[in-house]
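Numbers -17 to -1, 1 to 414, taken from mature numbering (1 follows the signal peptide of the UniProt record, and there is no 0), label the letters of the sequence shown in order. Beta carbons are placed, not taken as given, at the ideal position from N, Cα and C, and that holds for glycine. Note that the structure is predicted; figures quoted are calculated from it, not measured. Taking it in order: structure first as structure tokens, then the write-up.
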Amino acid sequence: MENWALPIAMLLTSTIAAGFDGGSSVAESSIPTTLDGPFTPVSVNLEDEGFRGNAVDLPETDPRVVRRVKGFEPDQISVSLSVSADAVWISWVSGDFQMADRIQPLNPASVASTVRYGRLRNYLTFKATGHSLIYNQIYPFAGMRNYSSGIIHHVLLTGLEPDTRYFYRCGDPSIPAMSTTRAFKTMPVSGPKSYPKRIAVVGDLGLTYNTTSTVNHMKENKPDLILLLGDVTYANLYLTNGTGSDCYSCSFPNTPIHETYQPRWDYWARFMEPTISEIPIMVVEGNHEKEEQANGRTFEAYSSRFAFPGEESGSHSTFYYSFKAGGIHFIMLGAYVSYNKSEFSEIAVDRQGGGDQYKWLQRDLAAVDRTVTPWLIATWHAPWYSTYKSHYREVECMRVEMEELLYSNGVDIVLTGHVSSSRLRIVEMHV
Ligand SMILES: [Fe+2]
């Protein structure tokens, strides 16, 4: 990618590597590539500067996370992109969650998934319908409280004009239980001179008072798109009785299954709704989304709550997919499912489509037309090259499997999260 500028601004929050030792084996006259490594990890002590240790969670009583709707009125509304500018996903939750030893799951078919939309606020002439589901978080141990979600709806709107503002209401008009009117803007059409003006990139977001300042900062900068690179709610830092911990990596080592407090997901989505019901958000999984439960099930909340263009991008997976935003082709990769070159892997061959990521990535990269999307940006959760001591070379196996494929296909930028030890900064990219 040499001839095209990328005239967008990216707001990078959370994870910026904290230091770098260039490596004694590399000649000073040349810039070392990551292939010259591994280098000695170098960490800057951020404790003294107050970057860590103050991440206090929003309590469930905070007015920004309490349930504000009645009955089956839409709650936790969000917008996500499909593969191209002519389609978006609208998602929401209807009905409240249940949290008890014994639960009676809601019937997803009992509430319709309808979106009415149009280009004029009071003239929503188009209608789309979608699908709905619930998920459960079940612990087969006495004393743990199980969880059943509200009804989660996903509706794909198609035939949209690029770079166009649409108004919409979602819900079930027959109850009636429709949302207030919201608006989103589609991505510009894909082409070498067509880009979203500003993209916010954030990892390890959580639901703390720091989160509120990060999200406020994002909104003030009016991004056209938000990328959330894993570690969404940190619900797994809670016991099922709602008791939290401020330990980032060592909470509850003695519990038979690593517990979670799933209502944190609902709180997070309510807090985010004013932002992501109008600005599209694209999410990829982090380690905190694993959330193991009975029968070896994992990633249920992550895979159920967000809409992903898995079918549209041919991955058939919630863990990895691709999409276009103007002249950028984004590849969202899964660091916690199989990434092996071999066709079959024991890791995560499951309902979410793990086990075929490498083959899919080969196909997806081969189909990229750089005259249409000159920029190729890859994201995943855990960095391959961080020099910070925490999480150092944690996903080295993924790097070994996939690095050459990304290099040989000329990926321009890689964005990751996970190493939550950095200051927030804005990077203006006029490459
Ligand atoms: Fe992480």
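- Message: Using a Cβ distance threshold of 8 Å, determine whether the region 87 to 98 contacts the region 276 to 289, with at least three qualifying pairs required.
- Response: No, the region 87 to 98 does not touch the region 276 to 289.
- Item | Delimiting residues of the alpha helix (DSSP H) encompassing residue 115 | Locating residue 115 in the sequence shown gives position 132, where the first residue counts as 1. First-last for residue 115: 114 to 116, but that is the beta strand (DSSP E), not the alpha helix (DSSP H).
- Report yes if the CB atom of residue 216 is closer than 8 Å to the CB atom of residue 247, and no otherwise. The count along the sequence shown starts at 1 and reaches residue 216 at position 233. The count along the sequence shown starts at 1 and reaches residue 247 at position 264. The answer is yes: Cβ separation under 8 Å.
- Query: Hey, is residue 270 close to ligand 1, as in C-beta under 7 Å from one of its heavy atoms?
  - Reply: Numbered from 1 along the sequence shown, position 287 holds the residue referred to as residue 270. In this structure, the C-beta of residue 270 approaches ligand 1 to less than 7 Å from one of its heavy atoms.
- Item | Range covered by the alpha helix (DSSP H) that runs through residue 59 | In the sequence shown, residue 59 corresponds to position 76, counting from 1. Element bounds for residue 59: not the alpha helix (DSSP H) but the beta strand (DSSP E), 58 to 64.
- Query: Fully enclosed by the region 287 to 321, which beta strand (DSSP E) runs are 3 residues long or longer?
  - Reply: Uninterrupted beta strand (DSSP E) stretches at least 3 residues long and entirely within the region 287 to 321 occur at 304 to 308, 311 to 315, given in chain order.
- Between the Cα of residue 297 and those of 49, 44, 66, spot the shortest distance and give me the residue it belongs to. Mapped onto the sequence shown, residue 297 falls at position 314. The shortest C-alpha to C-alpha distance from residue 297 to any of 49, 44, 66 is the one to 66.
- Give the straight-line distance between the Cα atoms of residue 243 and residue 117, rounded to the nearest whole angstrom. Locating residue 243 in the sequence shown gives position 260, counting from the first residue. Locating residue 117 in the sequence shown gives position 134, counting from the first residue. Residue 243 and residue 117: Cα-Cα distance of roughly 17 Å.
- Message: If I measure Cβ to Cβ from residue 114 and keep anything under 7 Å in the same chain, skipping five residues before and after, which residues do I get?
- Response: Here residue 114 refers to the residue found at position 131 when the sequence shown is read from its first residue. Here the set comprises 96, 137.
- Item | Every unbroken alpha helix (DSSP H) inside the region 163 to 230 [4 residues or more] | Entirely contained in the region 163 to 230, the alpha helix (DSSP H) runs reaching 4 residues are, in chain order, 192 to 203.
- Between which two residues does the alpha helix (DSSP H) containing residue 383 stretch? As a working note, residue 383 is residue 400 in the sequence shown. First-last of the alpha helix (DSSP H) with residue 383: 379 to 391.
- Go through the region 245 to 283 residue by residue and report every complete run of the beta strand (DSSP E) that reaches 3 residues or more, in order. If we require 3 residues or more, the beta strand (DSSP E) runs fully inside the region 245 to 283 come out as 264 to 266.
- With a cut-off of 8 Å on the beta carbons, I'd call residue 56 and residue 154 a contact; round off their distance for me. In the sequence shown, counting from the first residue as 1, residue 56 sits at position 73. In the sequence shown, counting from the first residue as 1, residue 154 sits at position 171. Residue 56 to residue 154, Cβ: 7 Å. Contact.
- Query: Would a C-beta distance cut-off of 8 Å place residue 186 and residue 400 closer than the cut-off?
  - Reply: Counted from its first residue, the sequence shown places residue 186 at position 203. Counted from its first residue, the sequence shown places residue 400 at position 417. Result yes, Cβ atoms of residue 186 and residue 400 sit closer than 8 Å.
- Message: For residue 206 and residue 255, what's the separation of their Cα atoms in angstroms?
- Response: On the sequence shown, residue 206 is found 223 positions in, with the first residue counted as 1. On the sequence shown, residue 255 is found 272 positions in, with the first residue counted as 1. For the pair residue 206 and residue 255, the Cα-to-Cα distance works out to about 14 Å.
- Query: Quick one: is residue 272 buried, meaning 16 or more other Cβ sit within 10 Å of its Cβ, or exposed?
  - Reply: Here residue 272 is taken as the residue at index 289 of the sequence shown, counted from 1. Counting the other CB atoms within 10 Å of its CB gives residue 272 a total of 16 or more, which places it among the buried residues.
- Message: Does chain B have any CB closer than 8 Å to the CB of residue 131?
- Response: Note that chain B does not occur in the displayed structure, where there is just one protein chain.
- Message: When you compare the region 131 to 146 with the region 75 to 82, are there three or more beta-carbon pairs, one atom per stretch, that lie closer than 8 Å?
- Response: At 8 Å Cβ cutoff, the stretches touch.
- Query: If we ignore side chains and look at the alpha-carbon of each, how far apart do residue 309 and residue 286 end up?
  - Reply: The residue you call residue 309 lines up with position 326 of the sequence shown. The residue you call residue 286 lines up with position 303 of the sequence shown. One alpha carbon belongs to residue 309, the other to residue 286, and they sit about 26 Å apart.
- Item | residue 162, buried or exposed, once every other Cβ within 10 Å from all chains shown has been counted against 16 | Here residue 162 refers to the residue found at position 179 of the sequence shown. The residue in question, residue 162, is buried, as its Cβ has 16 or more Cβ neighbours within 10 Å.
- Task: With DSSP as the reference, please indicate the residues paired to residue 103 in a beta bridge.
- Result: The residue labelled residue 103 in the question sits at position 120 within the sequence shown. When beta bridges are read from the DSSP output, residue 103 appears opposite 106.
- Message: Under 7 Å: does the beta carbon of residue 365 sit that close to some heavy atom of ligand 1?
- Response: In the sequence shown, counting from the first residue as 1, residue 365 sits at position 382. At least one heavy atom of ligand 1 is found less than 7 Å from the C-beta of residue 365.
- Drop a sphere of 10 angstroms on the beta-carbon of residue 49, count the other beta-carbons inside from all chains shown, and report buried for 16 or more, exposed for fewer. As a first step, residue 49 is located in the sequence shown; it is residue number 66 there, counting from the start. Exposure of residue 49 is indicated by the presence of fewer than 16 other C-beta atoms within 10 angstroms of its C-beta.
- What are the partner residues of residue 137, as DSSP defines its beta bridges? Reading the sequence shown from its first residue, position 154 is the one you call residue 137. According to DSSP, which records beta bridges pairwise, residue 137 is partnered with 74, 114.
- Message: Just to confirm before moving on: does the CB-CB distance between residue 210 and residue 184 stay below 8 Å?
- Response: As a working note, residue 210 is residue 227 in the sequence shown. As a working note, residue 184 is residue 201 in the sequence shown. Yes, the pair counts as a contact, with Cβ atoms nearer than the cut-off.
- Query: According to DSSP, which residues form a beta bridge with residue 150?
  - Reply: What you label residue 150 is simply residue 167 of the sequence shown in a count that begins at 1. Beta bridge pairing from DSSP links residue 150 with 101, 166.
- Message: On the criterion of 16 or more Cβ atoms from any shown chain inside 10 Å, does residue 350 qualify as buried, or is it exposed?
- Response: On the sequence shown, position 367 is the one that residue 350 refers to. With fewer than 16 other Cβ atoms within 10 Å, it is exposed.
- Message: One question on the structure: do residue 83 and residue 148 come within less than 8 Å of each other, judged by their Cβ atoms?
- Response: As a position in the sequence shown, residue 83 is number 100, starting the count at 1. As a position in the sequence shown, residue 148 is number 165, starting the count at 1. No, the Cβ-Cβ distance between residue 83 and residue 148 is not below 8 Å.
- Return the CA-CA distance between residue 339 and residue 219, expressed in angstroms with no decimal places. In the sequence shown, the residue the question calls residue 339 occupies position 356. In the sequence shown, the residue the question calls residue 219 occupies position 236. Distance between the alpha carbons of residue 339 and residue 219: 27 Å.
- Task: Starting from residue 81, follow the beta strand (DSSP E) in both directions and report where the run begins and ends.
- Result: The residue labelled residue 81 in the question sits at position 98 within the sequence shown. Taken as a continuous stretch (DSSP letters only), the beta strand (DSSP E) holding residue 81 covers 81 to 83.
- Message: What does the Cβ neighbour count give for residue 352, buried or exposed, with the cut at 16 atoms within 10 Å?
- Response: The residue given as residue 352 occupies position 369 in the sequence shown. When all chains shown are included, residue 352 counts as exposed.
- Message: Taking the straight line between their C-alpha atoms, what separation do you get for residue 104 and residue 45?
- Response: If you number the sequence shown from 1, residue 104 lands on position 121. If you number the sequence shown from 1, residue 45 lands on position 62. Each residue's Cα considered, the two are about 31 Å apart.
- Give me the Cα-Cα distance between residue 263 and residue 107, rounded to the nearest whole angstrom. As a working note, residue 263 is residue 280 in the sequence shown. As a working note, residue 107 is residue 124 in the sequence shown. Distance from the CA of residue 263 to the CA of residue 107, rounded to the nearest whole angstrom, comes to 20 Å.
- Compute the beta-carbon to beta-carbon distance between residue 398 and residue 212, rounded to the nearest angstrom, for a pair I have assumed lies under 8 Å. In the sequence shown, residue 398 corresponds to position 415, counting from 1. In the sequence shown, residue 212 corresponds to position 229, counting from 1. At roughly 6 Å, the Cβ-Cβ gap stays under 8 Å, so residue 398 and residue 212 are in contact.
- Task: Determine the closest residue to residue 99 out of 43, 156, 63, 62, with distance taken between C-alpha atoms.
- Result: Along the sequence shown, one-based indexing puts residue 99 at 116. Comparing Cα positions, the closest option is 156.
- Reference residue 166; option with closest CA among 251, 236, 362, 102: As a first step, residue 166 must be located in the sequence shown, where it is residue number 183. The option with the nearest alpha carbon to residue 166 is 102.
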